[in-house]
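Those letters in the sequence shown? Residues 0 to 136, by numbering that gives the first Met the number 0.
Even glycine gets a Cβ: it sits at the ideal position worked out from N, Cα and C.
What you are looking at is a predicted structure, and each value in this text was computed from that prediction instead of being measured.
I have placed the structure first, in the form of structure tokens, so that the comments after it can refer back to it.
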Amino acid sequence: MEPKIIRAGDRQTKIAPAHNFVGQVLHESVFAEEAPSRLRVSRVTFTPGGRTNWHTHAVGQILYVLSGSGRYQLEGQPVEEINAGDTVVIPPNARHWHGAAPDSMMCHLALSEADDQGNGATWLEPVDDKDFMQEPA
Numbered sequence: 000m001e002p003k004i005i006r007a008g009d010r011q012t013k014i015a016p017a018h019n020f021v022g023q024v025l026h027e028s029v030f031a032e033e034a035p036s037r038l039r040v041s042r043v044t045f046t047p048g049g050r051t052n053w054h055t056h057a058v059g060q061i062l063y064v065l066s067g068s069g070r071y072q073l074e075g076q077p078v079e080e081i082n083a084g085d086t087v088v089i090p091p092n093a094r095h096w097h098g099a100a101p102d103s104m105m106c107h108l109a110l111s112e113a114d115d116q117g118n119g120a121t122w123l124e125p126v127d128d129k130d131f132m133q134e135p136a
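As structure tokens, this is what we get:
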């Protein structure tokens with residue numbers, strides 16, 4: 000891997016795919032490198048109520064909340080509130096979801112690694128409104 004600077008104007012912000020997200024979600028790939036590096040960094044902005052589907056990451060995931068207020072849930076655990084400055088460390092293969100609170104936007108950096116086959120995430124079913132609207136712990 001050669002040293003490089005990726006300029007802000009060289010990245011595109013796209014609407015996140017509706018088959019992996021609920022609501023309006025914007026995705027910007029900040030960094031994604033091929034082997035030997037497997038690191039992927041994305042900036043994800045959720046409008047109020049926007050969220051991921053349930054999903055897993057074979058190598059785990061780290062979220063750093065840049066702005067706003069959101070929610071995170073690990074399967075079998077209560078919904079947690081997350082806010083600007085919070086870091087969420089998600090273990091490998093943990094089934095989870097994350098997104099904005101019902102009344103707030105949220106923007107986070109998502110850091111993950113691809114597995115040996117180049118897969119970053121395994122996407123599952125949408126988070127239903129009943130689960131999403133649980134009061135955070």
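For GLY8, which three-state DSSP category applies? Within the sequence shown, numbered from 1, the residue matching residue 8 stands at position 9. In this structure, GLY8 counts as helix in the three-state DSSP scheme.
Could you compute how far the alpha carbon of GLY119 sits from the alpha carbon of GLY49? As a working mapping, residue 119 is identified with position 120 in the sequence shown. As a working mapping, residue 49 is identified with position 50 in the sequence shown. If I take the Cα positions, the gap works out to 21 Å.
Mapping the DSSP letters down to three states, classify LYS129 as helix, strand or coil. Within the sequence shown, residue 129 is the residue found at index 130, counting from 1. If DSSP states are grouped into helix, strand and coil, LYS129 belongs with the helices.
Between the alpha carbons of THR46 and GLN76, how many angstroms are there, rounded? Here residue 46 refers to the residue found at position 47 when the sequence shown is read from its first residue. Here residue 76 refers to the residue found at position 77 when the sequence shown is read from its first residue. Roughly 24 Å separates the two Cα atoms.
Would the beta-carbon of TYR63 fall within 8 Å of that of THR86? Here residue 63 is taken as the residue at index 64 of the sequence shown, counted from 1. Here residue 86 is taken as the residue at index 87 of the sequence shown, counted from 1. A contact, by the Cβ cut-off of 8 Å.
According to DSSP, simplified to helix, strand and coil, what is GLN72? Position 73 of the sequence shown, counting from 1, holds the residue named residue 72. DSSP places GLN72 in strand when its eight states are reduced to three.
Could you check how far apart the C-beta atoms of VAL43 and HIS107 are, in whole angstroms? I think they sit under 8 Å. The residue given as residue 43 occupies position 44 in the sequence shown. The residue given as residue 107 occupies position 108 in the sequence shown. Going by Cβ atoms, the distance from VAL43 to HIS107 rounds to 6 Å, so yes, they are a contact pair.
Could you check the C-alpha separation between GLN116 and SER68 for me, to the nearest Å? As a first step, residue 116 is located in the sequence shown; it is residue number 117 there, counting from the start. As a first step, residue 68 is located in the sequence shown; it is residue number 69 there, counting from the start. Rounded to the nearest angstrom, the two C-alpha atoms are 34 Å apart.
Give the range of the beta strand (DSSP E) segment to which MET104 is assigned. Locating residue 104 in the sequence shown gives position 105, counting from the first residue. No beta strand (DSSP E) holds MET104; DSSP gives it neither H nor E.
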